[in-house]
Amino acid sequence: MSKKATEFQRKAMSRMYRGREIFKPLNTGWIDEDVACVREWVANIFFYHKGDTTIMIDAGYNYDRLAEKMYWLGIDPHSIRHILITHQDTDHVGAVEADSPGLFRDAKLYIGEVENRYLTGEVRRKVIYHLYKLPQVTINSEKVLLHDGQVLDIDGIKIECFLVPGHTWGHMVYLIDDKYLFTGDTLWFGADGGYSFISSLAEDNKLAVQSLAELERKLRARGLHPYFITGHTGWTDNFAFAFAHKDKRCSPFKKRVHDPSAPYDAYDESDDTEENAKSGFLKGVGR
53 MSKKATEFQR KAMSRMYRGR EIFKPLNTGW IDEDVACVRE WVANIFFYHK
103 GDTTIMIDAG YNYDRLAEKM YWLGIDPHSI RHILITHQDT DHVGAVEADS
153 PGLFRDAKLY IGEVENRYLT GEVRRKVIYH LYKLPQVTIN SEKVLLHDGQ
203 VLDIDGIKIE CFLVPGHTWG HMVYLIDDKY LFTGDTLWFG ADGGYSFISS
253 LAEDNKLAVQ SLAELERKLR ARGLHPYFIT GHTGWTDNFA FAFAHKDKRC
303 SPFKKRVHDP SAPYDAYDES DDTEENAKSG FLKGVGR
């Protein structure tokens with residue numbers, strides 16, 4: 053399923069969203085000394101490195117160049133033993149679906165217990181305002197099911213799980229070592245700050261907005277100001293920018309504040325090169 057879905061997204065969504073400033077992915081490279089990023093067209097996969105352990109956050113498309121780009125960063129795909137999954141859309145799990153090349157066959161997957169209901173077939177993923185039902189995703193890897201508020205320790209790496217439903221029913225975001233928040237598809241960064249993620253792809257937009265507000269409340273209550281690292285629109289360390297429009301949804305069909313840094317077609321990754329990946333840290337937004 054993921055190979056077909058990958059090819060469909062690359063072709064159809066390139067036409068659908070071209071020129072709309074919707075997807076603004078990071079190129080392949082390092083955000084800082086601890087966090088690396090691989091670009092797969094409009095989506096980003098992230099890696100957190102500490103000591104001898106590298107944890108992968110999301111598993112991208114069923115994408116032919118993933119291993120190549122990981123090696124640009126000095127990361128051996130076969131060294132990955134732990135993969136945190138924010139949600140089960142194919143641009144976030146393609147590399148671990150049953151029809152993938154099996155780069156991460158030895159890795160353990162961590163996914164929310166609510167999100168896992170998509171994988172068991174208890175619920176089906178719906179997009180385009182519930183008009184289109186997606187095929188069921190099949191993953192055969194070993195899975196650890198997570199619940200809201202759970203804290204994991206993997207080789208001395210602290211991982212806190214926050215359930216943020218809306219985009220999908222069981223979407224998780226992960227706070228690592230109290231410093232990096234991997235937000236998947238809960239946040240979308242426009243030129244003027246963060247919004248609830250793309251409205252046409254949500255299971256429940258009202259719930260997504262409520263969940264984002266609750267996430268902000270929890271972080272503020274604990275005095276946490278992490279890096280906000282998104283699946284499709286880069287990163288920021290500016291808390292106010294990240295939640296600037298938390299009560300609004302990103303709509304692909306409405307005018308937004310123009311972002312001159314947005315690519316015309318984010319599926320064109322011709323500027324994502326090994327030379328650029330090694331040329332310095334990736335810049336954040338809203339700084």
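Taking our numbering, the leading residue of the sequence shown gets 53, the next gets one more, and so forth. Cβ atoms here follow ideal geometry from the backbone N, Cα and C, with glycine treated the same way.
If only complete runs of 3 or more residues are kept, the region 195 to 240 shows the beta strand (DSSP E) at 195 to 198, 203 to 206, 209 to 215, 224 to 228 and 232 to 236, in order along the chain.
The beta carbons of glutamate 194 and threonine 220 sit no closer together than 8 Å.
Linking tyrosine 170 to valine 189 through their CA atoms gives a straight-line distance of about 7 Å.
Note that the C-beta distance between leucine 136 and isoleucine 211 is below 8 Å. Of all alpha-carbon atoms in Arg62, Phe291 and Val87, the one lying nearest the alpha-carbon of tyrosine 115 is that of Arg62.
According to DSSP, residue pairing for threonine 288 in a beta bridge involves Phe280.
Within the DSSP bridge table, the entry for tryptophan 82 names Ala88 as partners. DSSP, read as helix, strand or coil, puts arginine 70 in coil. Scanning Thr58, Thr106 and Met68 for the CA closest to the CA of tyrosine 316 turns up Met68. C-alpha of phenylalanine 305 to C-alpha of glycine 103: approximately 45 Å in a straight line.
Here aspartate 205 has Ile211 as same chain residues with Cβ atoms under 8 Å from its own Cβ, once five neighbours each way along the sequence are excluded.
Leaving aside the five residues that flank threonine 105 on each side, the residues in its chain whose CB is nearer than 6 Å to its CB run, in chain order, Asp207.
Around the C-beta of leucine 233, 16 or more other C-beta atoms lie within 10 Å, and the residue is accordingly described as buried. Minimum Cα-Cα distance from tyrosine 181 among the listed residues Leu253, Asp237, Lys307 and Leu334 corresponds to Leu253. In terms of Cβ geometry, isoleucine 132 and alanine 150 do not form a close pair [threshold 8 Å]. When the beta-carbon positions are compared, lysine 121 and glycine 286 stay at least 8 Å from each other. Distance from the CA of alanine 273 to the CA of leucine 267, rounded to the nearest whole angstrom, comes to 10 Å.
Shown here, glycine 146 sits in a helix according to DSSP, grouped into three states. For a cut-off of 8 Å, the C-beta gap from phenylalanine 214 to glycine 246 is around 16 Å, too long to register as a contact.
Residue pairing by DSSP places asparagine 96 opposite Arg91 in a beta bridge. Across the set Gly164, Pro187, Asp143 and Leu227, the C-alpha of Gly164 shows the shortest separation from the C-alpha of proline 217. Per DSSP, the beta bridge partners of isoleucine 109 are Phe98 and Leu136. In chain order, Phe75, Pro77, His284, Ala318 and Tyr319 place their CB closer than 7 Å to the CB of valine 94, counting only its own chain and leaving out the 5 sequence neighbours on each side. Under the three-state reduction of DSSP output, leucine 118 falls in the helix class. In this structure, histidine 101 lies away from alanine 119, with their beta-carbon atoms at least 8 Å apart.
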